[in-house]
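Structure, as C-alpha cells:
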Amino acid sequence: MELQYPQLLRQQAYINGRWCDADNGQCQVVTNPANGEALAQVAVLGAAETQRAIDAAQAALPKWQALTAKARASILRRWFELIIQHTDDLALLMTSEQGKPLAEARGEVAYAASFIEWFAEEAKRIYGDTIPGHLADKRLLVLKQAVGVTAAITPWNFPAAMITRKAAPALAAGCTMILKPAPQTPLTALALAQLAEEAGIPAGVFSVVPGDAIAIGQVLCDSPIVRKLSFTGSTAVGKQLMAQCAPTLKKLSLELGGNAPFIVFDDADLDAAVDGAIIAKYRNAGQTCVCANRLYVHDKVYQAFAEKLAAKVTALKVGAGINDGVVIGPLIDGKALEKVQSHLHDALDKGAKLLCGGQLLAGNFMTPAVLTEVTSQMKVAREETFGPIAPLFRFHDEAEVIAMANDTEFGLAAYFYANNLSRVWRVAEALEYGMVGINTGLISNEVAPFGGIKASGLGREGSKYGIEEYLELKYLCISV
Ligand code: ADP
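Quick note, the sequence shown lines up with residues 1 to 480 if you use the UniProt record's numbering.
Structure representation (C-alpha cells):
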C-alpha cells in the first residue's frame, strides 16, 4: 500500500489533538480481506483512554460552541476540501482494509465528503422560532443549541461515510465528538482524523479511539458527560447500547439492520429493474444495510427477469478491489463468508435453484449468485444475508407482495419498479420503511434523510433533519 501522502497512514489513536498509543502499549493487526496481508498495527485503547477523550471533548466544548456558525463552517469546509484532495490515498486505504473495489471506494470518499460540505452549509441555517404569545405581555422564543459532548460508534462497511455522516452534523451544530471506529477499518478513520487536524479542527473537538469495543462502549454509555450516542451497526448491538444508555438518558440515533424488499411489478421496465437490482444488491459485495435482501418478481415477468439478471450477474468481475474492472470484492472476513454460504445452502436444501454464482474462490471471495424458486421458509427471507446472493421470490398480486414485503421486523429501505402512477403511490405509501426507491436502486445521498423505522433504528442522518439530532430546543418565555 503506497500512499502519495504517507502521513495518512496513522496507527495511533487521536485524543485531544495528540497522537497516542494505548496505555498498555497494546496493538491490533489490520488485515487486507483480499489477501490476508497485514497492513498496520493499530493501538487498542480501553476505558482509561476513552475517559480522557471524554474529558477533552468536554473541555473543548465551550469554545467550539461559542464560535460563530460561519467560523465552524469554514473549518469544516477545509476538512471537506482536504478529503477531496486526498481522494486517491483515502480510497486506497479503504480498499486495502475493507475490500471494496477502488471505484466504489472513490465514490465513498466523495459521498463521505459530501456530508461535511452539506453540514458546513447547514450550520449557518440553524434557525429558531418566535411564537405569538399566549398572553398580551408574553414573548415566546425557541433557540436551538448544541447537545454537547457526543459519541459515535461506526461499522466497517462504509469506513469513511458512516463517520462523516455523524461527525459533520455534530461539529456543525457546535457539539464535540468521540468516535470509536470498527476494528476492521480503523485506518480510514484515523486518516480522516489526520485531515481534521490539518483543517484546523481544535484539539478535543473530534477524537478517534480505536480499541476494545466493549470497554470503550461501556465508558461512552455510562458517562453523564456524553449527552448523545450515534451508532450504526447490528440491531443486537444497537439494542444493547440503548439499554446501556438508559441510566444516563442519552439521546440516541441508531442506524441498524435492514431486510430490504425489491419488488418488480409486471408493468416495470425490466431492463431498468435488472440494472437497479444489480446496484441495490451487489454494491459492496452485498454488504450494505440498504442492500436488496429479498427480490419479489411478478409471475408474468419472473422468468424473463431471472434470465436477464443472471446474464448480467455472471459478467460481474470478482477479485481484489485494487484490480481494474473488479466490481465484486472480497467479503470482510471468513465469518461473513460462512453466514452467506449458510444462507445459500439453506435455500438450496429447501428447494431453491441456483441460476448462477455461489462459488467460493481462494480467500474471502464468492461469485455473485442468483437463486430462483425461493420461499418464505428459507433463511434468506427472514435474515439479512449481507452478501452477494439475490433470492427471487414469486408473487401474483399487489396486496400479497406488500404484505410479504412488510412481513419483517426491519424497516430501513425498500425498492420497487412499476410504471402505473396510481400503483406507484399506493405501494410507496403502503411500504413500512424509512426509505423507498422507486424505479431506482440507489437512494443514498447527503441531501435526503437516511434512516429506518421498526427494528432498523431511530433518527435520521443527512438532509436538513440530520443536524436536528445534535440540537436541543430551548424555549424562552419573556414577560414584557
Ligand atoms: P458488524 O456485525 O457489522 O460488525 P456490530 O454491530 O457488531 O456490526 O459492530 C458495529 C460497531 O459496533 C463496531 O464498531 C463494533 O466494534 C461496535 N461494537 C460491537 N459490540 C459492541 C459493544 N458491546 N459495545 C460497543 N460497541 C460495540
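Cβ atoms here follow ideal geometry from the backbone N, Cα and C, with glycine treated the same way.
No experiment lies behind these values; they were computed from the predicted model shown.
{"Check": "In DSSP terms, what Met435 is bridged to", "Outcome": "Ala413"}
{"Check": "Distance, Met177 Cα to Ala167 Cα", "Outcome": "7 angstroms"}
{"Check": "Pair within 8 angstroms by beta-carbon distance, Gln194 and Gln7", "Outcome": "yes"}
{"Check": "Three CB pairs or more closer than 8 angstroms across the stretch 385–392 and the stretch 403–415", "Outcome": "no"}
{"Check": "Short Cβ contact (8 angstroms threshold) for Glu108 with Ala161", "Outcome": "yes"}
{"Check": "Three-state secondary structure assigned by DSSP to Pro391", "Outcome": "strand"}
{"Check": "Of the residues Arg125, Ala189, Asp212, the one placed nearest Ala172, counting alpha carbons only", "Outcome": "Arg125"}
{"Check": "Segment contact, 8 angstroms Cβ cut-off, at least three pairs: the stretch 245–263 with the stretch 345–354", "Outcome": "no"}
{"Check": "The ligand ADP heavy atom lying under 7 angstroms from the CB of Ala168", "Outcome": "no"}
{"Check": "Those residues which DSSP pairs with residue 552 across a bridge", "Outcome": "Outside the shown range of the chain (1 to 480) lies residue 552, about which nothing can therefore be said."}
{"Check": "Contact under 8 angstroms by Cβ, Phe119 with Leu76", "Outcome": "yes"}
{"Check": "Beta-carbon proximity list for Ser74, same chain, < 8 angstroms, skipping 5 on both sides", "Outcome": "Ala120"}
{"Check": "Stretch pair the stretch 144–162 + the stretch 182–199: three plus CB contacts closer than 8 angstroms", "Outcome": "yes"}
{"Check": "Three-way DSSP call (helix, strand, coil) for Cys477 in this model", "Outcome": "strand"}
{"Check": "Boundaries (first-last residue) of the alpha helix (DSSP H) holding Lys250", "Outcome": "Run containing Lys250: none; DSSP gives neither H nor E here."}
{"Check": "For Cys20: DSSP bridge partner residues", "Outcome": "Ala13"}
{"Check": "8 angstroms contact criterion, which Ser223 and Thr150 should meet: CB distance rounded", "Outcome": "11 angstroms between Cβ atoms; not a contact."}
{"Check": "First and last residue of the uninterrupted alpha helix (DSSP H) at Pro169", "Outcome": "161–173"}
{"Check": "beta-carbon residue 483 near the ligand ADP non-hydrogen atom, thresh 7 angstroms", "Outcome": "Outside the modelled stretch of the chain, which goes from 1 to 480, sits residue 483, for which no answer is possible."}
{"Check": "Element boundaries [beta strand (DSSP E), containing Ile214]", "Outcome": "Note, Ile214: premise wrong, no beta strand (DSSP E); alpha helix (DSSP H) at 213–222."}
{"Check": "Per-residue burial, Ile478 [other beta carbons within 10 Å of its own, 16 or more giving buried]", "Outcome": "exposed"}
{"Check": "Local Cβ density within 10 Å of Trp425, reported as buried at 16 or more and exposed below that", "Outcome": "exposed"}
{"Check": "Residue interval of the beta strand (DSSP E) (run including Val147)", "Outcome": "Segment: none, Val147 is in no beta strand (DSSP E) and carries neither H nor E."}
{"Check": "Anticipated Cβ contact below 8 angstroms, Leu190 with Arg10, distance rounded", "Outcome": "4 angstroms"}
{"Check": "Nearest neighbour of Phe395, chosen from Val301, Ser456, Ala136 [CA to CA]", "Outcome": "Val301"}
{"Check": "Alpha carbon of Val226 to alpha carbon of Thr95, nearest angstrom", "Outcome": "32 angstroms"}
{"Check": "For Lys308, the residue or residues it bridges with in DSSP", "Outcome": "Note: Lys308 sits in no beta bridge, so no partner."}
{"Check": "Any non-hydrogen atom of the ligand ADP within 7 angstroms of Gly217 CB", "Outcome": "yes"}
{"Check": "Span separating the alpha-carbon of Pro169 from that of Ala60", "Outcome": "17 angstroms"}
{"Check": "Buried versus exposed call for Tyr14 [16 or more other C-beta atoms within 10 Å across all chains shown]", "Outcome": "buried"}
{"Check": "Residue range of the beta strand (DSSP E) that includes Ala38", "Outcome": "38–43"}
{"Check": "Beta carbon of Arg294 nearer than 8 angstroms to that of Pro202", "Outcome": "no"}
{"Check": "Straight-line Cα distance separating Pro247 from residue 483", "Outcome": "No answer is possible for residue 483: the residues shown for the chain start at 1 and end at 480."}
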